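Asker:
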Amino acid sequence: MGRRELKFIQNFGFVFGFVLGIPVAALTYFVPFWWLLPILGVFVGYVTNWTALVDDLRASRTRRYGPIRFPGAVRASPARGGRVYARIVADEIVTVANFGNELLHGPQSDAPAP
């Protein structure tokens with residue numbers, strides 16, 4: 531179900547990160563503080579991921595950014611995505627076997643570490 535959404539986020543992250551990375555590279559070239567690149571990298575990554583996720587979870591419709599129009603893509607509704615995600619977590623992650631393994635062998639268990 532989420533293959534298209536993941537592909538969208540990957541492609542959007544690549545393009546948007548590249549576009550925002552060019553000014554960051556120029557700025558770090560002309561302002562040579564060692565801490566500037568990590569801070570700007572975190573900022574660009576956060577903005578890129580947040581924008582991609584918000585755009586992916588919004589209802590599909592044509593958007594305008596200035597004179598450019600972007601057609602909406604057909605995406606799953608957030609409610610359906612939430613149900614699928616909850617089913618995956620309940621069926622594959624939060625299982626009796628995983629709980630038992632964590633209780634018997636996890637970092638807070640009584641068993642000595644191997």
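Positions 531 to 644 (this note's numbering) are the ones given, in order, by the sequence shown. For each residue, glycine too, the CB sits at the ideal point set by N, CA and C. Keep in mind that this is a model prediction, so the values were computed, not measured.
At which residues does the alpha helix (DSSP H) containing residue 626 begin and terminate?
Answerer: Element bounds for residue 626: 626 to 635.
Asker: Should residue 558 and residue 550 be called a contact, given that it needs their Cβ atoms to be closer than 8 Å?
Answerer: Cβ distance not < 8 Å, so residue 558 and residue 550 don't count as in contact.
Asker: Would you kindly work out how many angstroms separate the C-alpha atoms of residue 560 and residue 554, rounded to a whole number?
Answerer: Approximately 10 Å between the Cα atoms of the pair.
Asker: Exposed or buried, residue 578, counting other C-beta atoms within 10 Å across all chains shown (16 or more means buried)?
Answerer: Under this definition residue 578 is a buried residue.
Asker: Can you give me the Cβ contacts of residue 652 inside the same chain, cut-off strictly under 6 Å, excluding the 5 residues immediately before and after it?
Answerer: As shown, the chain starts at 531 and ends at 644. That puts residue 652 outside it, with no answer to give.
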